[in-house]
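K.L.:
Encoded as structure tokens, here's the structure I'll be asking about.
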Amino acid sequence: MLEIKDLNVRYGGIHAVRGIDMSVPQGNIVTLIGANGAGKSSTLRAICNLVKKTGTISFMGEDISKLPTREIVKRGISMVPEGRRVFADLTIYENLVLGAYTRKDEAGIKSDIEWVYSLFPRLKEREKQLAGTLSGGEQQMLAVGRALMSRPKLLMMDEPSLGLAPILVRDVFKIIQKIHEEGVTILLIEQNARMALKVADYAYVLETGAIALSGSGQELLKNQEVTRAYLGGV
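First residue of the sequence shown: 1, per UniProt numbering; consecutive thereafter.
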């Protein structure tokens with residue numbers, strides 16, 4: 001579904017992503033794990049053409065490397081950004097409608113809002129509440145719901161559990177699995193490496209902008225190097 005070849009991202013003198021090759025097969029959950037500054041977020045931003053880059057990015061067989069971000073969204077890629085970034089002065093409902101800004105099918109949009117509410121009943125209860133007044137967990141639900149409103153084939157999630165209480169982290173991962181069961185392919189960046197590897201079909205470990213390891217989620221869970229570096233093992 002998504003193929004990345006020789007991707008490089010530089011910020012001035014900093015080489016943030018160093019010639020990585022990776023793929024996201026349709027129907028899979030693929031996760032990127034690594035320390036802060038490893039290049040994970042830069043990889044997602046490069047896919048959406050939000051940063052300057054070199055290399056080739058193909059989606060569903062089409063080279064999207066130079067497409068504007070709006071066109072990439074239209075092709076079926078959506079991102080839940082790190083830090084949620086909801087529109088604080090708009091209501092939950094208005095945030096969701098904005099998530100469908102590339103669409104014209106009013107009946108489909110209405111149906112998808114109800115689908116999002118079925119995933120996140122708390123949003124339905126508060127649909128007229130301003131997003132800025134929501135708790136961190138509720139804002140994360142809204143950020144995911146807003147991304148789903150573009151009807152993505154590939155949903156990219158950047159640190160969805162960051163800053164959330166442990167019980168909410170479990171809820172977030174249940175939702176990730178539920179969205180996946182609905183047929184959405186997922187590319188996940190997550191500091192909680194253990195949880196990410198448990199749900200992942202395949203995983204890549206990034207270190208200083210390069211891929212250090214890759215394998216199935218279960219393989220990397222058992223890898224002593226990964227355990228020592230990311231899972232709190234010895």
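Ideal Cβ placement from N, Cα and C applies to all residues, glycine included.
Look at the alpha carbon of Leu164 and the alpha carbon of Lys222, and state the distance between them as a whole number of angstroms.
P.N.:
Sequence index remark: in the sequence shown, residue 164 carries index 164 (1-based). Sequence index remark: in the sequence shown, residue 222 carries index 222 (1-based). Taking the straight line from one Cα to the other gives about 26 angstroms.
K.L.:
Within a Cβ cutoff of 8 angstroms, which residues of the same chain sit near Leu134, ignoring the five residues on either side of it in sequence?
P.N.:
Start at 1 with the first residue of the sequence shown, and residue 134 comes out as number 134. The answer, listed in chain order, is Val86, Ile92, Arg126, Leu142.
K.L.:
Taking Ala200 as the reference, give the member of Gly61, Asp21, Ile33, Leu7 with the closest Cα.
P.N.:
Against the sequence shown, residue 200 aligns to sequence position 200. Ranking the options by Cα distance to Ala200, first place goes to Ile33.
K.L.:
Rounded to a whole number of angstroms, what is the C-alpha to C-alpha distance between Ile77 and Glu225?
P.N.:
In the sequence shown, the residue the question calls residue 77 occupies position 77. In the sequence shown, the residue the question calls residue 225 occupies position 225. Approximately 32 angstroms between the Cα atoms of the pair.
K.L.:
Residues bridged to Ser216 by DSSP?
P.N.:
If you number the sequence shown from 1, residue 216 lands on position 216. Partner(s): Tyr202.
K.L.:
Would you mind working out which of Arg170, Met149, Leu67 sits nearest Ala46, comparing C-alpha positions?
P.N.:
Here the question's residue 46 lines up with position 46 in the sequence shown. Cα-wise, what sits closest to Ala46 is Leu67.
K.L.:
Please classify Leu98: is it buried, with 16 or more other beta-carbons within 10 angstroms of its beta-carbon, or exposed?
P.N.:
Position 98 of the sequence shown, counted from the start, is the residue given in the question as residue 98. Exposed, since its Cβ has fewer than 16 Cβ neighbours within 10 Å.
K.L.:
Note the first and the last residue of the continuous beta strand (DSSP E) segment covering Ile4.
P.N.:
Residue mapping note: residue 4 aligns to position 4 of the sequence shown, counting from 1. Ile4 -> beta strand (DSSP E) spans 2-11.
K.L.:
Compare the C-alpha of Ser118 against each of Ile175, Asp158, Gly108, Met79 and name the closest.
P.N.:
On the sequence shown, residue 118 is found 118 positions in, with the first residue counted as 1. Ranking Ile175, Asp158, Gly108, Met79 by Cα distance to Ser118 puts Ile175 first.
K.L.:
Taking three-plus beta-carbon pairs below 8 angstroms as touching, is the segment 10-26 in contact with the segment 43-58?
P.N.:
Yes, they touch.
K.L.:
Could you pull out every unbroken beta strand (DSSP E) segment of at least 3 residues lying fully inside the segment 132-160, listed in chain order?
P.N.:
Listed in chain order, the complete beta strand (DSSP E) runs (minimum 3 residues) inside the segment 132-160 are 154-158.
K.L.:
Looking at the secondary structure, which residues open and close the alpha helix (DSSP H) in which Arg75 lies?
P.N.:
Sequence index remark: in the sequence shown, residue 75 carries index 75 (1-based). Here the alpha helix (DSSP H) through Arg75 covers 69-75.
K.L.:
Could you give the uninterrupted runs of the beta strand (DSSP E) lying entirely in the segment 14-54, keeping only those of 3 residues or more?
P.N.:
Whole beta strand (DSSP E) segments, 3+ residues: 14-24, 29-33.
K.L.:
Measuring only the C-alpha atoms, how far is Pro121 from Gly145?
P.N.:
Position 121 of the sequence shown holds residue 121. Position 145 of the sequence shown holds residue 145. Cα to Cα, the separation comes out at about 11 angstroms.
K.L.:
Quick check: the Cα distance between Gly209 and Ile72, rounded to an integer number of angstroms?
P.N.:
If you number the sequence shown from 1, residue 209 lands on position 209. If you number the sequence shown from 1, residue 72 lands on position 72. Looking at the two C-alpha atoms, the distance is approximately 24 angstroms.
K.L.:
Taking all protein chains shown into account, do 16 or more other C-beta atoms lie within 10 angstroms of the C-beta of Glu182, making it buried, or fewer, making it exposed?
P.N.:
In the sequence shown, residue 182 corresponds to position 182, counting from 1. So Glu182 counts as exposed.
K.L.:
Can you grab the Cα-Cα spacing for the pair Val234 / Thr227, in whole Å?
P.N.:
Residue 234 sits at position 234 when you count from the first residue of the sequence shown. Residue 227 sits at position 227 when you count from the first residue of the sequence shown. Bear in mind that a pLDDT of 44 at Val234, under 50, signals an unreliable position, so the number given afterwards is only what the model happens to contain. One C-alpha to the other measures close to 7 angstroms.
K.L.:
Should Asn95 and Ala147 be called a contact, given that it needs their Cβ atoms to be closer than 7 angstroms?
P.N.:
Residue numbering aside, residue 95 sits at position 95 when the sequence shown is read from its first letter. Residue numbering aside, residue 147 sits at position 147 when the sequence shown is read from its first letter. No, Cβ-Cβ distance for Asn95 and Ala147 is not below 7 angstroms.
K.L.:
Please name the residue in Lys128, Tyr202, Met149, Tyr101 whose C-alpha comes closest to that of Ile113.
P.N.:
Here residue 113 corresponds to residue number 113 of the sequence shown, with the count starting at 1. It is Met149.
K.L.:
Could you give the DSSP three-state label for Thr102: helix, strand or coil?
P.N.:
As a first step, residue 102 must be located in the sequence shown, where it is residue number 102. DSSP places Thr102 in coil when its eight states are reduced to three.
K.L.:
State the CB to CB distance for the pair Ile4 and Ile57, rounded to an integer number of angstroms; the pair is presumed to be in contact (CB under 8 angstroms).
P.N.:
By one-based count along the sequence shown, residue 4 stands at place 4. By one-based count along the sequence shown, residue 57 stands at place 57. Contact holds; Cβ gap of about 5 angstroms.
K.L.:
How about Gly217 and Ala229: do their beta carbons lie closer than 7 angstroms?
P.N.:
Along the sequence shown, read from residue 1 onward, the residue named residue 217 stands at position 217. Along the sequence shown, read from residue 1 onward, the residue named residue 229 stands at position 229. Not closer than 7 angstroms, so no.
K.L.:
For the beta strand (DSSP E) containing Ile186, name the first residue and the last one.
P.N.:
If you number the sequence shown from 1, residue 186 lands on position 186. That run of the beta strand (DSSP E) goes 185-189.
K.L.:
Check each candidate in Val116, Phe173, Gln129 and name the one with the smallest Cα separation from Leu90.
P.N.:
Residue 90 sits at position 90 when you count from the first residue of the sequence shown. Closest by alpha carbon: Gln129.
K.L.:
If you follow the alpha helix (DSSP H) that Pro166 is in, where does it begin and where does it stop?
P.N.:
As a first step, residue 166 is located in the sequence shown; it is residue number 166 there, counting from the start. It spans 166-181 - the alpha helix (DSSP H) in which Pro166 sits, taken as one unbroken run.
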